[in-house]
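Sequential numbering of the sequence shown, starting at 276, is according to the working numbering.
Glycine is no exception: its CB is placed at the ideal position from the N, C-alpha and C atoms.
Quantities reported herein were computed from a predicted structural model and do not represent experimental measurements.
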Amino acid sequence: MGAMATSTIAGTLHSRHLHCRTLLLLLPYLPIAFLLVDGGGIPTTLDGPFTPATRAFDRSLRQGSEDVPLSDPRLAPRARPPSPEQIALAASADPSSLWVSWVTGRAQVGSHLTPLDPTAVRSEVWYGERPASADTVGHPHVARGSAEVYSQLYPYPGLLNYTSGVIHHVRLVGLRPSTRYYYRCGDSSLKGGLSDERSFVTLPAPAPDAYPRRVAVVGDLGLTGNSTSTVDHLARNDPSMILMVGDMTYANQYRTTGGRGVPCFSCSFPDAPIRESYQPRWDGWGRFMEPLASRVTMMVTEGNHEIEPQGHGGAVTFASYLARFAVPSEESGSNTKFFYSFNAGGIHFIMLGAYVDYNRTGAQYSWLEKDLQKVDRRATPWVVASWHTPWYNSYSSHYQEFECMRQEMEGLLYQHGVDIVFSGHVHAYERMNRVFNYTLDPCGPVYITIGDGGNIEEIDIDHADDPGKCPSPGDNQPEFGGVCHLNFTSGPAKGKFCWERQPEWSAFRESSFGHGILEVVNSTYALWTWHRNQDAYGEHSVGDQIYIVREPDKCLLQPRGVISQDCPTAGCPSSTLSSTSGAEQAAKNGRLLLDYYMYDFD
């Protein structure tokens, strides 16, 4: 197909089922290479690098929307204490275990609060492979865990404090992969202390031919009308796992007294003694996400809106994030919820923290290096990384904001052949050509910005290459870490801070709210689809779609020297030791063809 413009990607997609049936009928008559590479009109990364394309913001759409009030039935309490609410699942390091979390009791807001006692209620999950019936005692297995309460405290006159309900975390172990389990959580010793029965399906075991059916990816979600459209659309796509790339609730867009959320806190409340956070928004968000999160594992990483400083001078941070979410930190050896990893079938997921130390001398970098070294690509061919702040971003908003993090960590990810990187922070969609160190590189990851979940801060529409929209080097100061803004030293933008046209590493961008779906087909092909909210009711309509193709025979693990700080800004050379592409190899063994037609698109 050649280097086709990415704008052709967004065309209406023919029915997958009709397409598959037609191809199956024609299978004996069509060359296998055509079937493998053409993909039914969907481009592949082998066709890149693509000519940069931009779909302009549709002015008929709303750029933002108001927050949904806590009185809305989707956010209001539905369970009476001691019944559990805000039930959510999270993966453990491998599919034989899984985390269940929930909240009991009522949170409190005021000046003088007495926290609930987390030891006064049990943390139990009763579960089994069959639903409990009226003539049985219940589920055959029980697991017990821990409980905690956190507070958000402000020692300033006029600001209100918050103390949470009791937050429970229980880890189930000894589970069978790819198996449906039924469960109830809560305290069986209390009348009404157990939840209604729910169910989940465990993730597949690590293997090159087993993958989660659909991985939904969403960032910067919030709780606006746009957010509800995103989640409704996402739910209709029936994911088997959710990747949440930071900035969940935007509770810190409120004063502690509640009221209405605002797009700009400092603009609306310039005299606030500290960046406040209205914590009941977290409880509303937990209830809003429960219908999905109680049946599908939801994996999170922290964003800047989770910092939520409190106390004198904001000395305490991330209290809500650390208390509310269970993640496989101990299981993956990080021992912190700020960064961790886990396996889901043949995918190794790495969740990194942009708001904790990312320097090469720090704990996160050391852990990441060890984690990448332990990855067995025979069992988990795909490595997908995620953190909140994008390294490659052509929008004015947050432009080069986390350049320091890129300079510290990018070489390590490249050395170990990370395939895909998801980030948020910028409230728009952008997919990059394969890139390393600002240079097009067929062995670089595919970076995708998906911070368009729908939050109250509205969609970003200005590009750094638009006339008059290039930020100054003093803009976009990160909330953590240093400033490493740079001018480009080669290429069309040589000597400049911004490009004068869409950068060559930016393949496609659009300012619309939405979410993404990753469907890994086999060890070398994965289908990525970006769904725009305005397409929610359009049959087979997508905003962006591409097959991401791994080329393990071409992109071998790089020597350690590639992570040196001496790499020129133009980019370090990549190793191309084999002339056989991944598509050619797939054509030889017919693997993609077989997997594609046996894959469940329902």
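Where the alpha helix (DSSP H) through Glu685 begins and ends: 678-690
Other residues of its chain near Gly467: CB distance less than 6 Å, five sequence neighbours each side excluded: Ser358
The beta strand (DSSP E) enclosing Ser616, as first and last residue numbers: 615-619
Three-state class that DSSP yields for Asp810 in the structure shown: helix
Which listed residue (Ser371, Ser504, His587) has its alpha carbon closest to that of Ser340: Ser504
Beta-carbon proximity of Ala619 to Pro487, cut-off 8 Å: yes
Uninterrupted alpha helix (DSSP H) stretches inside the stretch 520-591 (no shorter than 4 residues): 540-543, 555-568
Collapsed DSSP secondary structure at Asn708 in the structure displayed: coil
Ile823 to His587 span [Cα, whole Å]: 48 Å
Same chain, Cβ closer than 6 Å to Thr611, five either side skipped, listed in chain order: Ser604
Other residues of its chain near Ser928: CB distance less than 6 Å, five sequence neighbours each side excluded: Lying before the first or after the last residue shown, residue 928 is absent from the chain, which here runs from 276 to 877.
Runs of beta strand (DSSP E) lying entirely within the stretch 339-378, each at least 3 residues, in chain order: 360-366
Beta-bridge pairing of Gln383 - partner residues as DSSP gives them: Thr438
Own chain, CB closer than 6 Å to Ser376, minus 5 neighbours either side, in chain order: Ala363, His444, Ala601
CB of Met684 within 8 Å of CB of Gly756, strictly: no
N-terminal and C-terminal residue of the beta strand (DSSP E) that Val817 is part of: No beta strand (DSSP E) holds Val817; DSSP gives it neither H nor E.
Alpha-carbon spacing of Arg489 relative to Val571, whole angstroms: 11 Å
Cβ-Cβ separation, Ala654 to Ser786 (assumed contact under 8 Å), whole Å: That belief does not hold up - the Cβ atoms of Ser786 and Ala654 are roughly 39 Å apart, past 8 Å.
C-alpha distance - Pro430 paired with Ser641, whole-angstrom precision: 37 Å
Cβ pair count under 8 Å reaching 3, the stretch 539-556 against the stretch 744-753: no
For Val758, the nearest candidate out of Gln690, Trp774, Glu678, Gly728 (CA to CA): Glu678
Gly789 in three-state terms, based on DSSP: strand
For Tyr670, the nearest candidate out of His790, Val693, Met707 (CA to CA): Met707
Residue of Gly559, Val448, Phe711 minimising C-alpha distance to His416: Val448
Leu321, DSSP secondary structure in three states: helix
Option nearest Gln554 by Cα separation, candidates His580, Ala328, Ser464: His580
Reference Pro827, options Trp805, Thr799, Val817, Gly413, closest by Cα: Thr799
Sheet register partners of Trp642 (DSSP bridge): Beta-bridge pairing links Trp642 to no other residue.
Per-residue DSSP class, three states only, for Tyr458: strand
Own chain partners of Pro393 with C-beta closer than 7 Å, once the 5 adjacent residues on each side are dropped: Ala422, Glu423, Val424, Val441
Beta-carbon proximity check, Thr724 vs Asn808, cutoff 8 Å: no
Backbone CA spacing between Gln528 and Ala480 [nearest angstrom]: 40 Å
Integer-rounded CB distance, given that Arg349 should sit under 8 Å from Phe563: 5 Å
Proximity winner among Ser474, Ser609, Ala629, relative to Tyr457 (alpha-carbon distances): Ser474
Nonlocal neighbours in the same chain, by C-beta distance under 8 Å from Ser453, ignoring five residues either side: Pro370, Val476, Thr477, Leu478, Pro479, Ala480, Ala485
Pairwise C-alpha distance: Arg530 and Gln427: 12 Å
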